[in-house]
Amino acid sequence: MSKLEKLRAALRRSGVEALWVSDPANVRVLSGFTGGHDGKVLVTAEGATLYTDARYTVQAQEESSLPQFIARPPETYAHAAESLKGLRVGFEATHLTVAGLEDLQKAWPDSALVPLRGVIQELRLVKDEVEVQAMRAAQDLADRVYSEVRPMIRAGVRELDVALAIEQKLREAGASSAFEVIVASGPRGAMPHGVASGRVIQDGDLVTVDMGAKLAGYNSDMTRTVAAGTPSAEMKRVYNAVLEAEEAAVKAVKAGVRAADLDKLARDILTRHGLGEAFAHSLGHGVGLEVHEGPGLRGTSEDVLQSGMVITIEPGAYLPNVGGVRIEDLVLVTEDGYEVLSHAPKESV
Ligand SMILES: CSCC[C@H](N)C(=O)N[C@@H](C)C(=O)N[C@@H](C)C(=O)O
-14 MSKLEKLRAA LRRSGVEALW VSDPANVRVL SGFTGGHDGK VLVTAEGATL
36 YTDARYTVQA QEESSLPQFI ARPPETYAHA AESLKGLRVG FEATHLTVAG
86 LEDLQKAWPD SALVPLRGVI QELRLVKDEV EVQAMRAAQD LADRVYSEVR
136 PMIRAGVREL DVALAIEQKL REAGASSAFE VIVASGPRGA MPHGVASGRV
186 IQDGDLVTVD MGAKLAGYNS DMTRTVAAGT PSAEMKRVYN AVLEAEEAAV
236 KAVKAGVRAA DLDKLARDIL TRHGLGEAFA HSLGHGVGLE VHEGPGLRGT
286 SEDVLQSGMV ITIEPGAYLP NVGGVRIEDL VLVTEDGYEV LSHAPKESV
């Protein structure tokens, strides 16, 4: 069954006859069009139409096989209204703004607008071979860039210069950074998302580098924490505890495992080391067209791992005013276990 057919079945189950798709990643999944910030897809029982404006006429023709309507609102909405009269029309509640919804309500007075959550995201949970290949390529590039930049991560170098080198190498290879590069050294390591600052790395610091490549639309995500010189005994202990939790969680990855159980496994190890409170986020997340997508690997998650999901395993421990550690791998879930897609070495400190 194609993604569109699966989506139509999901829409019927949700009690709607059409879906207005505004989330750029979902526009891309359904249409192939990569200019999703300026594109929408209308899915009905009979067909699907890509809407974008004249800046993208050529690009839309090249990338998408869907019928296209080139215009801007309100013309776009007026065109869509013709096929929506009397229908219940779903919209993406986690993406459409309140103003966007008001515009649709005004333009489609004869339709009932119904908020839906995650209906296309569900279809993105399991990656097909082409998608896995794209993510392998993104991660291979990230591994190469990381290994080229690794010698720079030492005392006397600014965090910003490490991040700039990573971004430049990704761009030179035809990719971009999947997110703002995180380089958090010494006490800044206590910030899980401490993006690179002007701080100069000091002798004895642990340095957390969290980076990803975005290549052909697909993302990778990986974190390494390395030492500049000899870190304190306390930070060595924290590093080894996080490494133990990370390796144990990776080894437990397998289709059929509950995401919440995996989170608990890692959290319990850190708790035994007195670091339960310091593990300030979830164990991981799915990766794909977005850096953060389903499944969610957290205590409250209902998700069960399936073969073909690409996830991160990334426990961390953060001690305010002292420092922090995160170690993250990108992992493909397989029927009988897992394949680690990130290959950058995890150094002992
Ligand atoms: C701003 S994108 C950062 C990517 C990074 N590798 C990452 O995923 N960090 C995690 C600590 C994170 O943000 N986890 C989320 C899913 C959470 O715990 O809510």
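Positions -14 to 334 (this note's numbering) are the ones given, in order, by the sequence shown.
Glycine included, every Cβ here is placed at the ideal spot set by N, Cα and C.
Around the C-beta of glycine 0, fewer than 16 other C-beta atoms lie within 10 Å, and the residue is accordingly described as exposed.
Of the candidates Thr208, Gly183, Asp8, the residue whose Cα lies closest to the Cα of glycine 75 is Asp8. Per DSSP, the continuous alpha helix (DSSP H) segment holding glutamine 106 begins and ends at 106 to 109. DSSP places leucine 15 within a helical segment (H, G or I) once states are collapsed to three. Residue range 60 to 66 is occupied by the alpha helix (DSSP H) that includes threonine 61, with no beta strand (DSSP E) assigned at that position.
Comparing C-alpha distances from valine 28 to each of Leu250, Glu(-10), Val134, Arg209 shows the shortest one belongs to Glu(-10). Judged by DSSP secondary structure, serine 170 falls within the beta strand (DSSP E) whose first and last residues are 167 to 170. Taking 8 Å as the cut-off, the beta carbon of alanine 213 is found closer than this to the beta carbon of alanine 140. The continuous stretches of alpha helix (DSSP H) do not include aspartate 314, which lies in the beta strand (DSSP E) extending over residues 314 to 319. Leaving aside the five residues that flank valine 276 on each side, the residues in its chain whose CB is nearer than 7 Å to its CB run, in chain order, Ala163, Phe164, Gly197, Asn204, Asp206.
Relative to ligand 1, aspartate 206 has its C-beta within less than 7 Å of a heavy atom. Just measuring C-alpha positions, the residue of Glu157, Lys199, Arg143, Ile167 sitting nearest arginine 184 is Arg143. Separation of arginine -7 and serine 50 (C-alpha to C-alpha, rounded to the nearest whole angstrom) is 18 Å.
Given a length threshold of 4 residues, each whole run of the alpha helix (DSSP H) inside the stretch 127 to 168 is given here in chain order: 144 to 157.
In the DSSP secondary-structure assignment, phenylalanine 76 is bridged to Trp5, Pro100. With fewer than 16 other Cβ atoms from the protein chains shown falling within 10 Å of its own Cβ, glutamate 133 counts as exposed. Bounds of the beta strand (DSSP E) holding glutamine 53 are 53 to 55. According to DSSP, valine 310 shares a beta bridge with Ala302.
One alpha carbon belongs to glutamate 157, the other to glycine 273, and they sit about 22 Å apart. When the alpha-carbon of leucine 126 is set against those of Arg252, Lys154, Ile254, the nearest one is in Lys154.
Between leucine 89 and leucine 98, the gap from beta carbon to beta carbon is short of 8 Å. By the neighbour-count definition (other C-beta atoms within 10 Å, threshold 16), glutamate 231 is a buried residue.
In terms of Cβ geometry, leucine 72 and alanine -5 do not form a close pair [threshold 8 Å]. For proline 172, the distance from the CB to the nearest heavy atom of ligand 1 is not below 7 Å. Contact annotation, valine 147 with alanine 181: C-beta distance approximately 7 Å; criterion of less than 8 Å satisfied. If only complete runs of 3 or more residues are kept, the stretch 170 to 246 shows the beta strand (DSSP E) at 191 to 196, 198 to 200, 207 to 212, in order along the chain. The C-beta separation of glutamate 313 from isoleucine 296 comes to about 10 Å, leaving the pair out of contact by the 8 Å criterion. When only Cα atoms are considered, leucine 304 and glutamine 187 end up about 18 Å apart. Within the same chain, and ignoring the five residues on either side of arginine 252 in sequence, the residues whose Cβ sits closer than 7 Å to its Cβ are Gly261, Phe264. Excluding its 5 nearest sequence neighbours in each direction, aspartate 195 has C-beta neighbours in its own chain below 6 Å: Ile167, Thr208, listed in chain order.
With a threshold of 7 Å, the Cβ atom of phenylalanine 264 does not count as near ligand 1, since no heavy atom of the ligand is closer than that. Shown here, glycine 21 sits in a helix according to DSSP, grouped into three states.
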